[in-house]
Structure formats: structure tokens, C-alpha cells
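First up is the structure itself, then whatever we jot down about it.
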Amino acid sequence: MVTARAVTLKDSMKGENRMVRKGFKMFLNPGMAEEYEKRHNELWPEMKEMIHQYGGHNYSIFLDRETNVLYGYLEVEDEELWAKSADTPINRRWWDYMADIMETRADNSPVCVDFVPVFHLN
929 MVTARAVTLK DSMKGENRMV RKGFKMFLNP GMAEEYEKRH NELWPEMKEM IHQYGGHNYS
989 IFLDRETNVL YGYLEVEDEE LWAKSADTPI NRRWWDYMAD IMETRADNSP VCVDFVPVFH
1049 LN
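Counting in the working numbering, the sequence shown runs from 929 upward without gaps.
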């Protein structure tokens, strides 16, 4: 589950909230890059559906192969709605599935470090 600090994108003409941008990093266990990529290439349809159902869009994860650090970017429609996705059965199942290849907490959620936004240009 992504819990990164967010910045709200605003329509400069109307001042309307559009999306919340989230940046974060996670930590892959050494030697697990291929398996991580394989599991995401085979992302369960119900996981994709849950991400969209809880307002997640434009989700990307990048890997620094030298350090095994994963860098994620995600846009969400609503912070409160997105936060609720952590408690869904499918998300908990995904955490359990991924726990053997990355650093996790006691509940199998990935260790995630939020980024602080410092610049954005449309």
C-alpha cells in the first residue's frame, strides 16, 4: 500500500483539485528483480480493479538495479479513499504474496518511504 506524502495538482484556471501525486520508495531483496518484475507483469486482474476502484491512476514503479531500491509514482483521486485500499482483502493478499521478495513490516506491508515533493512542471 502506498502511503506517500502527496501534492494536489490544481487546474491553474479554475483552482479545482484534480489528482494527488504520490512518490515513494520500497526495498527489494537482492536477487529478486526478475521475480518482482514477473509478478507485476502478471498482476492479478482483481488487484488492477481494486487500484482503479480506490482512485489509483498512472501508477509506475522503477527499479535501481544497483541498489535494489524501487521508486514508485502514483496519482490518486482522493487521499481518504486511497487509504482505505490498504484494508481490502485483495491488497492484504498481494502483500502476503510479495513479502518473500522485499522488505516488509510485521503485517507484510512493504517498508515504504515517502518522498517530499519539491518541484513539478506541467
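Each residue gets a CB set at the ideal place from its N, CA and C atoms; glycine is no exception.
Checklist entry - Can you give the Cα-Cα distance for E1031 and N957, rounded to whole angstroms? => result Numbered from 1 along the sequence shown, position 103 holds the residue referred to as residue 1031. Numbered from 1 along the sequence shown, position 29 holds the residue referred to as residue 957. Going by the C-alpha atoms only, they are around 7 Å apart.
Checklist entry - Beta-carbon separation of E1023 and S1037 under 7 Å? => result The residue you call residue 1023 lines up with position 95 of the sequence shown. The residue you call residue 1037 lines up with position 109 of the sequence shown. It should be noted that the sequence gives Trp, not Glu, for residue 1023. Yes, the Cβ-Cβ distance between W1023 and S1037 is below 7 Å.
Checklist entry - Whole-angstrom Cβ separation of K950 and L998, contact assumed at under 8 Å? => result Reading the sequence shown from its first residue, position 22 is the one you call residue 950. Reading the sequence shown from its first residue, position 70 is the one you call residue 998. Wrong, their Cβ atoms sit about 14 Å apart, outside the cutoff.
Checklist entry - By DSSP, does H980 sit in helix, in strand, or in coil? => result On the sequence shown, position 52 is the one that residue 980 refers to. In the structure shown, H980 sits in a helix (DSSP, three-state: H, G or I).
Item to check | Any beta strand (DSSP E) of 3 or more consecutive residues that is wholly inside the stretch 1010–1041 | outcome: none
Checklist entry - Can you tell me whether L1002 is buried or exposed, with buried defined as 16 or more other CB within 10 angstroms of its CB? => result To locate residue 1002, count along the sequence shown from 1; it is residue 74. Buried is the call here.
Checklist entry - Who are the Cβ neighbours of W1010 in its own chain at under 6 Å, not counting the five residues just before and after it? => result For this step, residue 1010 is matched to residue 82 along the sequence shown. Counting only Cβ-Cβ distances below 6 Å, and skipping sequence neighbours, we find Y982, G983 and V1004.
Checklist entry - Is M975 closer than 7 Å to I1018 when the C-beta atoms are compared? => result As a working mapping, residue 1018 is identified with position 90 in the sequence shown. As a working mapping, residue 975 is identified with position 47 in the sequence shown. Contact flag set, yes.
Checklist entry - How long is the line joining the alpha carbons of I979 and M1026, rounded to whole angstroms? => result Position 51 of the sequence shown, counting from 1, holds the residue named residue 979. Position 98 of the sequence shown, counting from 1, holds the residue named residue 1026. Take the alpha-carbon of I979 and the one of M1026: they are about 16 Å apart.
Item to check | Beta-carbon proximity check, E1008 vs V948, cutoff 7 Å | outcome: Along the sequence shown, read from residue 1 onward, the residue named residue 1008 stands at position 80. Along the sequence shown, read from residue 1 onward, the residue named residue 948 stands at position 20. No, these two residues do not count as a Cβ contact at 7 Å.
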